[in-house]
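J.:
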Amino acid sequence: MKVWWHNLTLHDKLQIPIQFVLLLVLIPAQVWVMREFERDLFENAERRAVGSATQSFLGLNAMMLNGSIRQPQARMTYFKKMAGQDGVVEFHLVRGKPVQDQYGAGLPEEQARDELDRNALASNRVQMQRLTQDKPALRVVVPFAARTDFHGTDCLQCHHVPEGAVNGAVSLTISLDQEYAELERMRTRLNVGQMALQMALFFLIGTLVRRTVAELEKYHERAEEDQRVGGFIMARITEMPELPDVQRYMRPVEHLSGDILIAAEGPDGAVHVLLADATGHGLSAAVNVLPLCQTFYDLTEKGFSLGEIANELNRLVNKLMPADRFVSAALASIHHPSRIIEIWNGGIPPLVLLDRTGHVIRRWTSDNLPLGILSDENFSAKTEAFQYREDCQLCLFSDGLVEAATPHGIAFGETRLFELLGEAAYENRLHALVAGVEKHLQGASAHDDISLAIINIAHKSELESGPEKLTRQIVPGNHAQTGSAWRIAISLGAAELKYLDVVPLVTQIIAKINVTREHHSALFMILSELFNNALDHGLLQLDSALKLEPDGFDQYLESRDARLRALQNGKIDIEIATLEIADKPAVQIRVADSGGGFDHAAFGNAAADRPLEVPYGRGIALVKSVACKLEYSGRGNEVVASYICA
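For the sequence shown, this note's numbering begins at 1045 and goes up steadily by one.
1. DSSP three-state call for Pro1057: helix, strand or coil?
2. Is it true that the CB of Ala1555 sits closer than 8 Å to the CB of Val1635?
3. One question on the structure: do His1484 and Phe1456 come within less than 8 Å of each other, judged by their Cβ atoms?
4. For Leu1584, which residues of its own chain have a beta-carbon under 6 Å away from its beta-carbon, when the five flanking residues on both sides are left out?
5. Using a threshold of 8 Å, state whether the C-beta atoms of Ser1686 and Ile1625 are closer than that.
6. Let me make sure I understand the geometry here. Which of Leu1438, Gly1582 and Trp1388 has the alpha-carbon closest to that of Gly1640?
7. In terms of residues, what are the limits of the beta strand (DSSP E) holding Ser1372?
8. Buried or exposed: where does Asn1422 fall if 16 or more other Cβ atoms within 10 Å of its Cβ makes it buried?
9. Which value, in whole angstroms, describes the spacing of the CA atoms of Gly1444 and Val1478?
10. Under DSSP, the beta strand (DSSP E) around Val1297 begins and ends at which residues?
11. Identify which residue in Val1077, Glu1345 and Ala1166 has its Cα closest to the Cα of Val1317.
12. Nearest by alpha-carbon distance to His1136: which of Arg1407, Tyr1147, Arg1114 and Leu1160 is it?
13. Report buried or exposed for His1379, applying the criterion of at least 16 other Cβ atoms within 10 angstroms of its Cβ.
14. What distance in whole Å lies between the Cβ atoms of Asp1435 and Ile1387, which are believed to be in contact at a cut-off of 8 Å?
15. Specify, as a first and last residue, the run of the alpha helix (DSSP H) that Lys1556 falls within.
16. Excluding the 5 residues preceding and the 5 following Glu1682 in the sequence, name in chain order all residues of the same chain whose CB lies nearer than 6 Å to its CB.
17. Would you kindly work out how many angstroms separate the C-alpha atoms of Arg1162 and Ala1156, rounded to a whole number?
18. Quick check: the region 1235-1249 against the region 1091-1098, are there 3 or more CB pairs under 8 Å?
19. In chain order, what residues of the same chain have a beta carbon less than 6 Å from the beta carbon of Gly1614, not counting five sequence neighbours either side?
20. With 8 Å as the threshold, decide whether the Cβ of Lys1556 is near any Cβ in chain D.
21. Taking Cβ positions, are Leu1182 and Met1172 nearer each other than 8 Å?
22. Going by DSSP, what residue range makes up the beta strand (DSSP E) through Asn1500?
23. Work out the CA separation of Glu1447 and Arg1369 for me, nearest whole Å.
24. Compute the Euclidean distance between the alpha carbons of Gly1390 and Leu1666, then round it to the nearest angstrom.
25. Use the C-beta contact count for Trp1048: other C-beta atoms within 10 angstroms, 16 or more gives buried, fewer gives exposed.
26. Sort Val1132, Thr1121, Val1361 and Arg1114 by Cα distance to Gly1150 and report the nearest one.
27. Give the straight-line distance between the Cα atoms of Thr1323 and Gly1416, rounded to the nearest whole angstrom.
28. Near Leu1397, what residues of its chain come up, given a Cβ to Cβ distance below 6 Å and the 5 sequence neighbours on each side ignored?
29. If you draw a straight line from the alpha carbon of Arg1414 to that of Ala1373, how long is it in whole angstroms?
30. Is the number of C-beta pairs between the region 1056-1075 and the region 1209-1217 that are closer than 8 Å three or more?
31. Any idea which residues DSSP pairs Cys1436 with across the strands?
32. Measuring straight from C-alpha to C-alpha, what distance separates Asn1522 and Leu1287?
33. At what residues does the beta strand (DSSP E) containing Asn1576 begin and finish?
34. Nearest-angstrom Cα distance between Arg1266 and Arg1272?
35. Since Arg1665 is in the alpha helix (DSSP H), which residue starts that stretch and which ends it?
36. In this structure, how does DSSP classify Gln1177 when only helix, strand and coil are distinguished?
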């Protein structure tokens, strides 16, 4: 049956139930109409029979008044005439006891013949009986009681009985052939009418169904094409670069997901992750999150900070989306060279950091509103930073995971999630979690999109992770000799330093030049370290020892933001120029600040002896490992780094 139904066309799947419903409605309707018609038909026959009996009794009353009723032969003649009327099958008079007592028993034909006659005399009520033997007929026995005014005649003048005494009854049987013939004609007309109506409705509804199905098929084809194109575009846009440490699992409710979970690597080696969850699911939700992907990739590739990315994504949602649409999102940055994890969470369930044993090291709850709710002026892009000191894993997931419910409505929940994470082996946590979710759903569909990512974070020093990553794209001998010299210089005052993320902007210009294109990551790292040192220590006078305190990085960032907002004077000069070193193209980066400087000779000796576990002071060592030359001058507020593009 299922196979037969599955193989039917959409037209037949609509037409068959409609016709079945029509039959269920029309057949009972026809039965009801026939019953009502039959009831009216027999009521008319009963009235006709009672009327005929009354008329016959009035005839007997006239015979009584003229005296002819005393003659038995006259009464017999009258009975025969009444029985011979059209439609009358049988007629007889029943003489009651009062008449028998006064005038005698009368003729044999005037006696009660059966129970129906006796009941009429005893009850003074009309008795009726439908007869179905041979031919259909209706028998009516009408009793007549003595009254002072019976159709203008005083019965008590001749009958010495109390008023109301039953003097007799008239039994009349009429044929129902005519009524049954009419009933059959009506039934035939209704059957023909129903068949005609059913056929007319079949063709009419069939035409309407065909037109509707044609429209539905067109809509379905358009929807499938939209889904195909949308799915293709979404797959291309959300396609992640190869990042072995990033594991992800996604289970959309519909073909298109309202969640995106993507990651990319910045020029400084930091891995950025974006989890976004738009309101709703399907195509309308996917439209809300797709524009975020390219912006995230572009800003990450250019080296913008996590806060700047959050700001730009919020601005994008505000600009493109309707007022009632917003996007919950979480941004994560894992900077392996400095072992820093930075998080911005706006409306996503807590991000958790676990060690190898499954113990939760840190949780980042949502302290911000989702993207698109606040304007630029009210939006906070403040991030939370944490330095990890061991191998760990960052786990982030959408609310569709914890809200995934069994067929009985039991939610998966955070408690079950953390239990599975804690029990699973370090290398197998994503697989264990996915298996747990599938088992929990028991084959049912989740009511919301599910997104889950686990990022493996290996603990290693800056020098272990830095130079190899920064030079992996360099192909010896594959540099372009342009034969031209170029120079970029920019000077930033206190006002510009408060809002301008200058490093990505400058390195993007350098990346367009042929000779430096393949060295974007290394040049970004060098400029970023020199510029941040000039700003943080030269102008803002921040003490890196603050990072040694519990939650030191958060305190360091808060102090940095406060001092930057309060900065009134000071400037940083950046100069980048091309040169040749040992007949090879090279780039020289000079950064100078207006701060008080520092004892760079003493700093160099202290940095060399500083343990790797100390969470600061290793950036310059990383620059030295990449650049061919690094020199401080003046009072330590000017530094020049040279990098060979070969």
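Cβ coordinates follow ideal geometry from the N, Cα and C atoms, glycine included.
T.: To lay it out plainly:
1. The residue labelled residue 1057 in the question sits at position 13 within the sequence shown. According to the sequence shown, residue 1057 is Lys rather than Pro. Three-state DSSP puts Lys1057 in a helix.
2. Here residue 1635 refers to the residue found at position 591 when the sequence shown is read from its first residue. Here residue 1555 refers to the residue found at position 511 when the sequence shown is read from its first residue. No, these two residues do not count as a Cβ contact at 8 Å.
3. Counting from one through the sequence shown, the residue named residue 1484 turns up at place 440. Counting from one through the sequence shown, the residue named residue 1456 turns up at place 412. Judged by beta-carbon spacing, Phe1456 lies within the 8 Å limit of His1484, meaning their Cβ atoms are closer than that value.
4. Taking the sequence shown and counting its residues from 1, one reaches residue 1584 at position 540. Setting aside the 5 residues that flank it on each side, Leu1584 is surrounded in the same chain by Arg1607, each with a C-beta closer than 6 Å to its C-beta; the list follows chain order.
5. Walking along the sequence shown from the start, residue 1686 turns up at place 642. Walking along the sequence shown from the start, residue 1625 turns up at place 581. It is a contact, given that the beta carbons lie within the stated cut-off.
6. Taking the first residue of the sequence shown as 1, we reach residue 1640 at position 596. Comparing Cα positions, the closest option is Gly1582.
7. In the sequence shown, counting from the first residue as 1, residue 1372 sits at position 328. Start and end: Val1371 to His1379.
8. Locating residue 1422 in the sequence shown gives position 378, counting from the first residue. By the neighbour-count rule (16 or more Cβ atoms within 10 Å), Asn1422 is not buried but exposed.
9. Residue mapping note: residue 1444 aligns to position 400 of the sequence shown, counting from 1. Residue mapping note: residue 1478 aligns to position 434 of the sequence shown, counting from 1. Spanning the two alpha carbons is a distance of roughly 13 Å.
10. As a position in the sequence shown, residue 1297 is number 253, starting the count at 1. Careful: Val1297 lies outside any beta strand (DSSP E) and carries neither H nor E.
11. For the purposes of this step, residue 1317 is taken as the residue at position 273 of the sequence shown. Selection Val1077, Glu1345 and Ala1166 evaluated against Val1317 yields Glu1345 as nearest (Cα-Cα).
12. Within the sequence shown, numbered from 1, the residue matching residue 1136 stands at position 92. When only C-alpha atoms are compared, the closest one is Leu1160.
13. Here the question's residue 1379 lines up with position 335 in the sequence shown. The residue is buried, with at least 16 neighbouring Cβ atoms inside 10 Å.
14. The residue labelled residue 1387 in the question sits at position 343 within the sequence shown. The residue labelled residue 1435 in the question sits at position 391 within the sequence shown. At roughly 19 Å, the Cβ-Cβ gap does not stay under 8 Å, so Ile1387 and Asp1435 are not in contact.
15. On the sequence shown, position 512 is the one that residue 1556 refers to. Looking at the DSSP string, Lys1556 is not in any alpha helix (DSSP H), and its letter there is neither H nor E.
16. For the purposes of this step, residue 1682 is identified with residue 638 of the sequence shown, where counting begins at 1. Within the same chain, and ignoring the five residues on either side of Glu1682 in sequence, the residues whose Cβ sits closer than 6 Å to its Cβ are Ala1636.
17. Here residue 1162 refers to the residue found at position 118 of the sequence shown. Here residue 1156 refers to the residue found at position 112 of the sequence shown. Taking the CA atoms as reference points, Arg1162 sits about 6 Å from Ala1156.
18. Cβ pair count under 8 Å is below three, so no.
19. Along the sequence shown, read from residue 1 onward, the residue named residue 1614 stands at position 570. Same-chain partners within the cutoff: Ala1538, Leu1583 and Ser1638.
20. Considering every chain present, this structure includes no chain D. It has just one protein chain.
21. Position 138 of the sequence shown, counting from 1, holds the residue named residue 1182. Position 128 of the sequence shown, counting from 1, holds the residue named residue 1172. Yes; because the gap between Cβ atoms is below 8 Å, this pair is in contact.
22. Indexing the sequence shown from 1 puts residue 1500 at position 456. First-last of the beta strand (DSSP E) with Asn1500: Ile1494 to Ile1501.
23. Position 325 of the sequence shown, counting from 1, holds the residue named residue 1369. Position 403 of the sequence shown, counting from 1, holds the residue named residue 1447. Taking the straight line joining both Cα atoms gives about 21 Å.
24. Along the sequence shown, read from residue 1 onward, the residue named residue 1390 stands at position 346. Along the sequence shown, read from residue 1 onward, the residue named residue 1666 stands at position 622. So the alpha carbons of these two residues sit roughly 33 Å apart.
25. The residue given as residue 1048 occupies position 4 in the sequence shown. The residue is exposed, with fewer than 16 neighbouring Cβ atoms inside 10 Å.
26. As a working mapping, residue 1150 is identified with position 106 in the sequence shown. Taking the Cα of Gly1150 as reference, the smallest distance to any Cα among Val1132, Thr1121, Val1361 and Arg1114 is reached at Arg1114.
27. Your numbering for residue 1323 matches position 279 in the sequence shown. Your numbering for residue 1416 matches position 372 in the sequence shown. Rounded to the nearest angstrom, the two C-alpha atoms are 12 Å apart.
28. Stepping through the sequence shown from its first residue, residue 1397 is reached at position 353. Ile1405, Arg1406, Cys1436 and Leu1438.
29. As a working note, residue 1414 is residue 370 in the sequence shown. As a working note, residue 1373 is residue 329 in the sequence shown. It is Pro, not Arg, that sits at residue 1414 in the sequence shown. So the two alpha carbons sit approximately 6 Å from each other.
30. Judged by Cβ distances under 8 Å, the region 1056-1075 makes no contact with the region 1209-1217, as fewer than three pairs qualify.
31. In the sequence shown, the residue the question calls residue 1436 occupies position 392. For Cys1436, the beta-bridge partners assigned by DSSP are Asp1399 and Ile1501.
32. Counting from one through the sequence shown, the residue named residue 1522 turns up at place 478. Counting from one through the sequence shown, the residue named residue 1287 turns up at place 243. Only weak support is given to the placement of Asn1522: the predicted model assigns it a pLDDT of 42, under 50, and the value that follows is read from those uncertain coordinates. Note on geometry: alpha-carbon atoms of Asn1522 and Leu1287 lie some 26 Å from one another.
33. As a working note, residue 1576 is residue 532 in the sequence shown. Taken as a continuous stretch (DSSP letters only), Asn1576 belongs to no beta strand (DSSP E), being part of the alpha helix (DSSP H) at His1564 to Asn1577.
34. The sequence position of residue 1266 within the sequence shown is 222, counting from 1. The sequence position of residue 1272 within the sequence shown is 228, counting from 1. C-alpha separation (whole angstroms): 10 Å.
35. What you label residue 1665 is simply residue 621 of the sequence shown in a count that begins at 1. For clarity, residue 1665 is Ala in the given sequence; the question names Arg instead. Start and end: Gly1663 to Val1670.
36. Taking the first residue of the sequence shown as position 1, residue 1177 is located at position 133. If DSSP states are grouped into helix, strand and coil, Gln1177 belongs with coil.
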